[in-house]
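S.K.: Using the working numbering, you'd call the opening residue of the sequence shown number 4 and step up by one each time. For each residue, glycine too, the CB sits at the ideal point set by N, CA and C. Remember, it's a predicted structure, so these values are computed and weren't measured experimentally. What follows is a single structure, and I will ask about it in a moment.
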Amino acid sequence: MTVVKVKTTPFAGQKPGTSGLRKKVTEFKQAGYLENFVQSVFNVLDDCKGKVLVIGGDGRYYNREAIQIIVRMAAANGFGRLIVGQGGILSTPAASCVIRKHQADGGIILSASHNPGGPDEDFGIKFNGANGGPATESVTEAIYQGTRTIDHYLTLESPAIDLDRIGTTQIEGARVEVIDSVADYADLMETLFDFEKIRALVSNKRFHMCFDAMHAVTGPYALEILEKRLGVEPGSVIHAVPLEDFGGGHPDPNLVHAKELVAKMNGDAPLAFGAASDGDGDRNMVLGSGFYINPCDSLAVLAANATLVPGYKDGLQGVARSMPTSRAVDRVAARLDIPCFETPTGWKFFGNLMDAGKITLCGEESFGTGSDHVREKDGLWAVLFWLNIIAVLGKPARSIVREHWQEYGRDYFTRHDYENVDSAQAGSVIDTLKASLADLPGKTFAGFEVEAADDFSYVDPVDGSESKAQGVRLFFTNGSRVVIRLSGTGTSGATVRIYCDRFENDPGLLGSDTQRALSGLIDAIEEITKLRQITGRQRPDVIT
Ligand code: G1P
Ligand code: ZN
4 MTVVKVKTTP FAGQKPGTSG LRKKVTEFKQ AGYLENFVQS VFNVLDDCKG KVLVIGGDGR
64 YYNREAIQII VRMAAANGFG RLIVGQGGIL STPAASCVIR KHQADGGIIL SASHNPGGPD
124 EDFGIKFNGA NGGPATESVT EAIYQGTRTI DHYLTLESPA IDLDRIGTTQ IEGARVEVID
184 SVADYADLME TLFDFEKIRA LVSNKRFHMC FDAMHAVTGP YALEILEKRL GVEPGSVIHA
244 VPLEDFGGGH PDPNLVHAKE LVAKMNGDAP LAFGAASDGD GDRNMVLGSG FYINPCDSLA
304 VLAANATLVP GYKDGLQGVA RSMPTSRAVD RVAARLDIPC FETPTGWKFF GNLMDAGKIT
364 LCGEESFGTG SDHVREKDGL WAVLFWLNII AVLGKPARSI VREHWQEYGR DYFTRHDYEN
424 VDSAQAGSVI DTLKASLADL PGKTFAGFEV EAADDFSYVD PVDGSESKAQ GVRLFFTNGS
484 RVVIRLSGTG TSGATVRIYC DRFENDPGLL GSDTQRALSG LIDAIEEITK LRQITGRQRP
544 DVIT
């Protein structure tokens with residue numbers, strides 16, 4: 004096979020966001036678009052000769068075609084071994100696991116996470132390094148700079164590989180291995196959790212559960228681990244077959260999009276435990292009987308109970324949370340006397356802390372929780388962690404969370420998203436706010452007095468790199484906080500995210516409705532930003 008050098012010209016805007024490059028499928032399908040980005044990744048790796056690359060994706064529309072393109076390009080660039088998930092499937096955490104287990108030099112994951120899929124919907128690509136985690140800021144920037152000057156890419160002519168058959172093919176110098184997408188990951192889960200205890204829990208006739216795979220990538224993983232290895236009642240995993248368009252749904256595990264699951268958790272005969280994951284399997288939503296568990300609280304509860312789980316029985320090195328995430332886990336860290344790090348939004352910042360042995364658990368308010376078993380957030384892992392804790396404590400999820408609040412106090416938390424806002428309007432709201440930061444302290448809005456205000460910047464304690472302008476933070480004198488930032492994962496217009504939290508430790512006030520508990524703060528931020536007034540929006544599009 005002859006390697007072909009194809010001339011190309013740069014495409015504008017191939018700058019990876021919070022989690023890789025995400026664009027509409029139509030944009031990705033332009034001749035050379037995917038190729039330019041992939042070649043820019045390979046160029047940053049420098050000499051690809053003999054290197055090992057993992058390739059897989061969440062099964063969305065264009066996944067299979069993209070994999071064939073990448074396999075040819077990788078072979079042409081001199082990779083020695085390509086490890087590809089069967090059917091092109093690898094969940095994000097499974098890809099991270101496979102990279103680490105097979106000591107690959109990196110991996111390419113094709114996913115736009117929880118964004119819808121289909122010919123007119125979203126596609127995405129991200130590069131993970133040898134530690135199994137998202138490329139760091141400096142690597143991402145180097146890839147982007149490469150896309151701005153690229154003039155050729157390498158490929159070769161070879162028949163498409165059979166993605167559905169486990170086995171090995173040789174293309175040029177590259178050994179292409181199609182592997183079982185689930186086995187390595189499922190084996191890793193068995194080393195972390197007490198499967199015997201969980202088996203006993205789920206065999207109890209009164210314990211019924213449901214896992215909603217949302218027609219996305221976790222279906223095969225959940226069937227293997229929950230139903231096959233743990234013996235959860237057949238049929239408990241719903242929407243288990245990955246579909247290219249996620250069945251027309253939105254593979255985002257929240258109360259709005261996981262409707263069927265939510266219905267099963269409420270009503271006359273609610274199930275004991277429910278969970279859902281997103282398009283690429285890194286997010287999780289966990290629910291108790293008639294009870295929603297906020298991801299910020301989930302992280303705090305997992306940290307507080309970690310030593311009950313075999314993989315964490317010796318305790319935690321430290322914990323980390325993204326800046327907008329509530330400070331519930333900080334209180335647990337203080338009690339455990341372990342460090343707690345506050346990082347910008349996105350998973351890429353946790354990897355350095357894990358590699359340096361500074362943290363064991365971490366999480367984000369956006370339904371992301373994880374640990375140093377891989378370098379990505381991990382949806383099913385969080386579900387198994389919860390099941391393990393429930394099995395050991397012998398209590399329902401709801402009681403575990405309520406008792407946690409009694410002990411630590413409760414951080415009421417909500418996020419309001421305004422989607423597809425006119426980019427200029429959104430930019431001006433944020434710019435005006437930033438310009439007023441110095442004047443805000445001492446002023447009162449809707450009864451809340453601003454104590455401090457800043458634009459979050461982060462210095463990585465491991466490599467010293469600085470990430471500026473990561474979101475505006477407003478601290479109020481009563482301990483409440485509001486964060487406002489623009490999304491880095493949206494593909495049309497701008498998405499404005501407003502995060503509100505308020506600490507409460509009066510035992511009589513721990514069970515209020517979240518939106519009611521935070522309504523004053525929500526009024527205050529509107530008074531400060533005039534967001535609704537400027538954009539003409541009456542209310543947020545999504546509330547979590
Ligand atoms: C969103 C979430 C963020 C998460 C990212 C990738 O990014 O807010 O926590 O890491 O998706 O799953 P955003 O759109 O806010 O930039
Ligand atoms: Zn995801």
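1. Is the Cβ-Cβ distance between F459 and V312 less than 8 Å?
2. From what residue to what residue does the alpha helix (DSSP H) around S438 run?
3. CB of G282 to nearest heavy atom of the ligand ZN: below 7 Å?
4. Taking only runs that begin and end inside the region 65–127, name each unbroken beta strand (DSSP E) of 3 or more residues, in chain order.
5. Measure the CB-CB distance between V57 and A115 and report whether it falls below 8 Å.
6. What do you reckon, is the C-beta of R286 under 7 Å from a heavy atom of the ligand ZN?
7. With respect to the alpha helix (DSSP H) encompassing T517, which residues constitute its N-terminal and C-terminal limits?
8. Straight-line CA distance for D248 to E368?
9. Take I408 and list the residues in its own chain whose beta-carbon comes closer than 7 Å to its own, dropping the five residues that flank it on each side.
10. Are at least three pairs of beta-carbons, each pair with one atom in the region 176–187 and one in the region 86–104, less than 8 Å apart?
11. By Cβ distance below 6 Å, which residues in the same chain neighbour P273 in space, the five residues on each side in sequence not counted?
12. Buried or exposed, going by whether 16 or more other CB atoms sit within 10 Å of the CB of A189?
13. Tell me whether E68 counts as near the ligand G1P, meaning its Cβ is closer than 7 Å to at least one heavy atom of that ligand.
14. Under the DSSP definition of a beta bridge, which residues are partnered with D457?
15. Does the distance from the C-beta atom of M212 to that of A275 stay below 8 Å?
16. What residues match up with S470 in a beta bridge as DSSP calls it?
17. In whole angstroms, what is the alpha-carbon distance linking E454 and L93?
18. Buried or exposed: M288, going by 16 or more other Cβ atoms within 10 Å of its Cβ?
19. Do the CB positions of V240 and F210 come within less than 8 Å of each other?
20. Within the continuous beta strand (DSSP E) that includes A278, where are the two ends?
21. Three or more C-beta pairs under 8 Å: does that hold for the region 6–20 against the region 141–150?
22. Check the DSSP bridge columns for E180 and list the partner residues they point to.
23. Going by DSSP in three states, C51 sits in which element: helix, strand or coil?
24. Going by alpha carbons, who is nearest to N134 out of P96, T171, R168 and L113?
25. Based on the DSSP output, what are the partners of A497 in its beta bridges?
26. Please confirm whether any heavy atom of the ligand G1P lies closer than 7 Å to the CB of E199.
27. Where in the region 326–360 do unbroken runs of the alpha helix (DSSP H), each at least 4 residues long, occur, reported from the N-terminal end onward?
28. Give a yes or no on whether the C-beta atoms belonging to L157 and M217 are separated by under 8 Å.
29. Find out if the Cβ-Cβ distance for the pair F448, S483 is shorter than 8 Å.
30. Are A79 and V6 touching if we call contact CB-CB under 8 Å?
31. Going by DSSP, name the residue or residues bridged to G20.
32. In this structure, how does DSSP classify T310 when only helix, strand and coil are distinguished?
33. Give the range of the beta strand (DSSP E) segment to which L264 is assigned.
34. Could you name the residues of the same chain whose beta carbon sits closer than 7 Å to that of M268, not counting the 5 residues immediately before and after it, in chain order?
35. When the distance is taken between beta carbons, is A456 closer than 8 Å to L489?
M.R.: Looking at the coordinates:
1. Not in contact: F459 and V312 (Cβ atoms no closer than 8 Å).
2. Per the sequence shown, the amino acid found at residue 438 is Ala instead of Ser. Where A438 is concerned, the enclosing alpha helix (DSSP H) stretches over S426 to S439.
3. Yes - the ligand ZN has a heavy atom lying nearer than 7 Å to the Cβ of G282.
4. Within the region 65–127, the complete beta strand (DSSP E) runs of at least 3 residues fall at 84–92 and 109–113.
5. Between V57 and A115, the C-beta spacing is not below 8 Å.
6. Of the heavy atoms belonging to the ligand ZN, at least one sits nearer than 7 Å to the Cβ of R286.
7. Membership of T517 in the alpha helix (DSSP H) is indicated by the continuous run T517 to A520.
8. A straight line joining the alpha-carbon of D248 with that of E368 spans about 26 Å.
9. It is worth fixing the name first, because residue 408 is Trp in this sequence and not Ile. Here the set comprises L513.
10. Touching, yes.
11. Within the same chain, Cβ atoms closer than 6 Å to the Cβ of P273 are found at S292 and G293, the five residues on either side in sequence being excluded.
12. Burial check for A189: the Cβ neighbour count within 10 Å reaches 16 or more, so the residue is buried.
13. Incorrect: E68 has no Cβ contact closer than 7 Å to the ligand G1P.
14. DSSP output for D457 lists R476 as bridge partner(s).
15. Yes, Cβ-Cβ distance for M212 and A275 is below 8 Å.
16. Answer is Y461.
17. Between E454 and L93, the C-alpha separation is close to 46 Å.
18. Classification for M288: buried.
19. At least 8 Å separates the beta-carbon of V240 from that of F210.
20. That run of the beta strand (DSSP E) goes F276 to S280.
21. Yes: at least three Cβ pairs fall under 8 Å.
22. DSSP, once it has assigned bridges, lists I86 and T171 as partnering E180.
23. Looking at C51 - three-state DSSP - the assignment turns out to be coil, as it is neither helix nor strand.
24. Between N134 and the set P96, T171, R168 and L113, the nearest pair of CA atoms involves P96.
25. Partner(s): V424.
26. No, Cβ of E199 sits at least 7 Å from all heavy atoms of the ligand G1P.
27. Fully enclosed alpha helix (DSSP H) runs of 4 or longer: 331–339 and 351–358.
28. Not closer than 8 Å, so no.
29. Taking 8 Å as the cut-off, the beta carbon of F448 is found no closer than this to the beta carbon of S483.
30. The beta carbons of A79 and V6 sit closer together than 8 Å.
31. Note: G20 sits in a beta bridge opposite G23.
32. DSSP places T310 within a helical segment (H, G or I) once states are collapsed to three.
33. L264: not part of any beta strand (DSSP E); member of the alpha helix (DSSP H) spanning K262 to M268, first to last residue.
34. The beta carbon of M268 is closer than 7 Å to those of L274, G277, L290, S292 and G293 in its chain, skipping five residues each way along the sequence.
35. For the pair L489 and A456, the CB atoms are not nearer than the 8 Å cut-off.
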